[in-house]
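Enquirer: Residue 239 in the numbering used here is what sits at position 239 of the sequence shown, and the numbering runs on without skipping anything.
One structure, as structure tokens, below. Some questions next.
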Amino acid sequence: MNVDKNINSNVRSAKGKSAAVIGIVANALMFAVKLIVGLAANSGAVLADSVNSLSDSITGIVNYFGFYLSGKPADRDHPFGHARFEYISSLIISGAIILVGYEFMVRSVKTIFDPVEVLFEPYMAVFLSVSVLLKIGMFFYFKSISVRINSDSFRGASVDSLSDAAITLVTLIGLIISDYFGASIDGYIGLFVALLVIISGFSSGKSAVSYILGKKPDPRLLRDMTDIISRNSEVIGVHDVLVHDYGPGRQIASAHIEVTSDMSLQEAHRLADGLEEEVQSKLHILMTIHVDPIAPAHSKGLARFGNSVLSVRKMPGGINPKKLRIKTSGGHCRIEFDVETDHENRLSDDEISSYFRGKICDDESLPAIDMDEIREDIQETDSKDPA
């Protein structure tokens with residue numbers, strides 16, 4: 001199943017709110033059933049599971065208002081909309097889950113040292129089994145919704161539903177064992193359930209925090225944008241692709257493209273506009289493209305040199321050379337290019353400079369550069385420039 005990229009913000013908000021309502025009602029019913037079973041069985045583990053369902057229902061309410069607020073249109077104070085509120089609601093949900101888990105972890109530890117008698121009846125197994133099946137169904141439903149509307153909050157809800165199904169199943173097994181063998185394991189089962197709830201809370205909150213802090217864009221999205229731009233025959237190279245995330249469905253990107261320096265300003269503007277429109281129509285991302293002129297592509301020596309050195313994307317320390325350009329001054333040609341490094345690079349500027357000096361000057365496998373040919377190319381280009 002793929003993300004529906006054609007879904008607009010209003011439809012996405014409506015689908016999110018509908019799914020949230022279904023979750024609220026289903027979890028409220030399970031809370032009531034588990035509460036009755038827990039009180040009748042005098043089981044702290046079942047009561048812990050019931051409150052877990054109650055917290056799921058409450059977080060569903062938070063999720064509903066999260067979609068309601070994130071679907072509000074942009075205004076003067078928030079020109080990029082309110083979609084990031086969905087990340088905030090996911091964080092609130094995670095905090096609530098962790099608090100509930102901690103509360104029952106403390107209660108379960110007390111039960112371990114001060115056991116209580118658990119009463120079990122067959123109808124309890126039926127009710128809890130139905131609850132397990134319902135939670136598994138909710139897992140598949142929320143998973144489907146999360147993919148269709150690209151929602152982290154429902155992705156977290158789907159994981160939480162699956163863990164809830166496992167929790168209820170373990171609780172049911174614990175009740176049966178306690179009744180059959182007469183062993184006081186209710187406190188241990190409750191502690192196990194509480195720890196799973198806490199882990200689930202941290203897991204669902206991790207993604208929301210990552211987006212709020214500024215998560216690295218999806219590599220597939222970067223690849224798709226780069227491929228769309230690179231397919232144009234007038235584009236020599238693409239670099240500095242950035243994506244700013246303002247919430248699900250609210251992304252703004254920018255990129256630098258390299259074109260031959262003999263392209264007119266009007267032609268470059270037409271090219272950039274066309275690429276921006278193509279990216280927006282295919283990926284639904286607002287994009288701004290900056291144009292970098294580089295040396296004329298008809299210099300065969302320079303082209304071979306660039307292919308041998310500057311097109312290499314896998315270098316020590318994540319080094320990425322780009323923007324090759326040639327400058328002339330006083331009868332001399334100067335080759336310049338920029339170097340981009342990743343966040344894990346540990347090389348100093350001097351080490352990077354030394355690497356390229358050695359690579360360019362000492363590597364005999366590189367093609368020779370005919371400087372006279374390059375100088376003639378540049379002079380020819382300059383003579384065509386009306387400025």
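Glycine residues also receive a C-beta, built at the ideal position from the N, C-alpha and C atoms.
Source: prediction; values computed, not measured.
Do you know how far the Cα of Lys206 is from the Cα of His78?
Expert: Along the sequence shown, read from residue 1 onward, the residue named residue 78 stands at position 78. Along the sequence shown, read from residue 1 onward, the residue named residue 206 stands at position 206. Distance between the alpha carbons of His78 and Lys206: 25 angstroms.
Enquirer: To the nearest whole angstrom, what separates the beta carbons of Asp49 and Lys72, a pair I think is in contact under 8 angstroms?
Expert: On the sequence shown, residue 49 is found 49 positions in, with the first residue counted as 1. On the sequence shown, residue 72 is found 72 positions in, with the first residue counted as 1. Actually they do not touch by this definition, with Cβ atoms about 36 angstroms apart.
Enquirer: Does Val291 come out as helix, strand or coil in the three-state DSSP assignment?
Expert: The residue given as residue 291 occupies position 291 in the sequence shown. DSSP places Val291 in strand when its eight states are reduced to three.
Enquirer: Between Ser254 and Lys216, what straight-line distance do the alpha-carbon atoms span, to the nearest angstrom?
Expert: Within the sequence shown, residue 254 is the residue found at index 254, counting from 1. Within the sequence shown, residue 216 is the residue found at index 216, counting from 1. One C-alpha to the other measures close to 14 angstroms.
Enquirer: Label His82 either buried or exposed according to how many other C-beta atoms from any shown protein chain fall within 10 Å of its C-beta, with 16 as the threshold for buried.
Expert: As a working note, residue 82 is residue 82 in the sequence shown. With a threshold of 16 other beta carbon atoms within 10 Å, His82 meets it and is buried.
Enquirer: So Thr168 and Ile189 are supposed to be a Cβ contact under 8 angstroms. How far apart are they, rounded?
Expert: Numbered from its first residue, the sequence shown carries residue 168 at position 168. Numbered from its first residue, the sequence shown carries residue 189 at position 189. Your pair Thr168 and Ile189 does not check out as a contact, with CB atoms roughly 11 angstroms apart and the cut at 8 angstroms.
Enquirer: Give a single yes or no on whether Leu283 has its beta carbon closer than 6 angstroms to a heavy atom of the ligand HEM.
Expert: In the structure shown, the ligand HEM is absent, as is every other ligand, since no ligand is present at all.
Enquirer: Determine the burial state of Arg250: buried for a count of at least 16 other Cβ atoms within 10 Å of its Cβ, exposed for fewer.
Expert: Residue numbering aside, residue 250 sits at position 250 when the sequence shown is read from its first letter. So Arg250 counts as buried.
Enquirer: Tell me the rounded alpha-carbon separation between Ile389 and Leu275.
Expert: Since the first residue shown for the chain is 1 and the last is 387, residue 389 is missing from the structure and cannot be characterised.
Enquirer: In this structure, does DSSP put Ser13 in helix, strand or coil?
Expert: By 1-based counting over the sequence shown, the position of residue 13 is 13. The answer is helix: DSSP assigns Ser13 an H, G or I state.
Enquirer: Going straight from the alpha carbon of Val130 to that of Ser43, what length do you get?
Expert: Counting from one through the sequence shown, the residue named residue 130 turns up at place 130. Counting from one through the sequence shown, the residue named residue 43 turns up at place 43. Cα to Cα, Val130 sits roughly 18 angstroms from Ser43.
Enquirer: Whole angstroms are fine: how far does the CA of Asp240 sit from the CA of Asp349?
Expert: Along the sequence shown, read from residue 1 onward, the residue named residue 349 stands at position 349. Along the sequence shown, read from residue 1 onward, the residue named residue 240 stands at position 240. Straight-line Cα distance between these residues: approximately 19 angstroms.
Enquirer: Where Arg84 and Gly156 are concerned, what is the direct C-alpha to C-alpha distance, given to the nearest angstrom?
Expert: On the sequence shown, position 84 is the one that residue 84 refers to. On the sequence shown, position 156 is the one that residue 156 refers to. Those two C-alpha atoms are separated by around 16 angstroms.
Enquirer: Terminal residues of the continuous beta strand (DSSP E) containing His239?
Expert: Position 239 of the sequence shown, counting from 1, holds the residue named residue 239. Per DSSP, His239 belongs to the beta strand (DSSP E) from 237-245.
Enquirer: Whose C-alpha, out of Met138, Leu69, Ser70, is nearest the C-alpha of Ser57?
Expert: The sequence position of residue 57 within the sequence shown is 57, counting from 1. When each option's Cα is compared against that of Ser57, the closest is Met138.
Enquirer: So Pro219 packs on Val259, CB below 8 angstroms; how close in whole Å?
Expert: Stepping through the sequence shown from its first residue, residue 219 is reached at position 219. Stepping through the sequence shown from its first residue, residue 259 is reached at position 259. Their Cβ separation, rounded to whole angstroms, is 25 angstroms, which puts Pro219 and Val259 out of contact at 8 angstroms.
Enquirer: Just how far apart, CA to CA, sit Val243 and Asp224?
Expert: As a first step, residue 243 must be located in the sequence shown, where it is residue number 243. As a first step, residue 224 must be located in the sequence shown, where it is residue number 224. C-alpha separation (whole angstroms): 12 angstroms.
Enquirer: How would you label Val312, buried or exposed, when you count the other beta carbons within 10 angstroms and need 16 or more for buried?
Expert: As a first step, residue 312 is located in the sequence shown; it is residue number 312 there, counting from the start. Annotation note: pLDDT 48 at Val312 (below 50); position unreliable, coordinate value reported separately. When all chains shown are included, Val312 counts as exposed.
Enquirer: Ordered along the chain, which non-local residues of its own chain (more than five positions away) have a Cβ less than 8 angstroms from that of Leu391?
Expert: Shown here, the chain extends from 1 to 387; a query on residue 391 therefore has no answer.
Enquirer: Can you tell me whether Ile185 is helix, strand or coil according to DSSP?
Expert: The residue you call residue 185 lines up with position 185 of the sequence shown. Ile185: coil per DSSP, three-state reduction.
Enquirer: Could you tell me the distance, in whole angstroms, from the CA atom of Ala32 to the CA atom of Gly23?
Expert: Against the sequence shown, residue 32 aligns to sequence position 32. Against the sequence shown, residue 23 aligns to sequence position 23. So the two alpha carbons sit approximately 14 angstroms from each other.
Enquirer: Check the C-beta distance from Asp179 over to Phe113 and give it rounded, since I have them as a contact under 8 angstroms.
Expert: By 1-based counting over the sequence shown, the position of residue 179 is 179. By 1-based counting over the sequence shown, the position of residue 113 is 113. At roughly 22 angstroms, the Cβ-Cβ gap does not stay under 8 angstroms, so Asp179 and Phe113 are not in contact.
Enquirer: I need the DSSP call for Asp152, collapsed to helix, strand or coil.
Expert: Translated into positions along the sequence shown, residue 152 becomes position 152. Helix.
Enquirer: Please confirm whether Phe67 and Gly16 have their CB atoms less than 7 angstroms apart.
Expert: Position 67 of the sequence shown, counted from the start, is the residue given in the question as residue 67. Position 16 of the sequence shown, counted from the start, is the residue given in the question as residue 16. In this structure, Phe67 places its C-beta atom within 7 angstroms of the C-beta atom of Gly16.
Enquirer: Spell out whether any CB of chain B is found under 7 angstroms from the CB atom of Ser353.
Expert: The structure shown contains no chain B; it holds only a single protein chain.
Enquirer: Can you check which of these residues, Leu99, Asp75, Asn27, is closest to Val132 by C-alpha distance?
Expert: Here residue 132 refers to the residue found at position 132 when the sequence shown is read from its first residue. Ranking the options by Cα distance to Val132, first place goes to Asn27.
Enquirer: Any idea what DSSP makes of Tyr180, helix, strand or coil?
Expert: As a first step, residue 180 must be located in the sequence shown, where it is residue number 180. It is helical.
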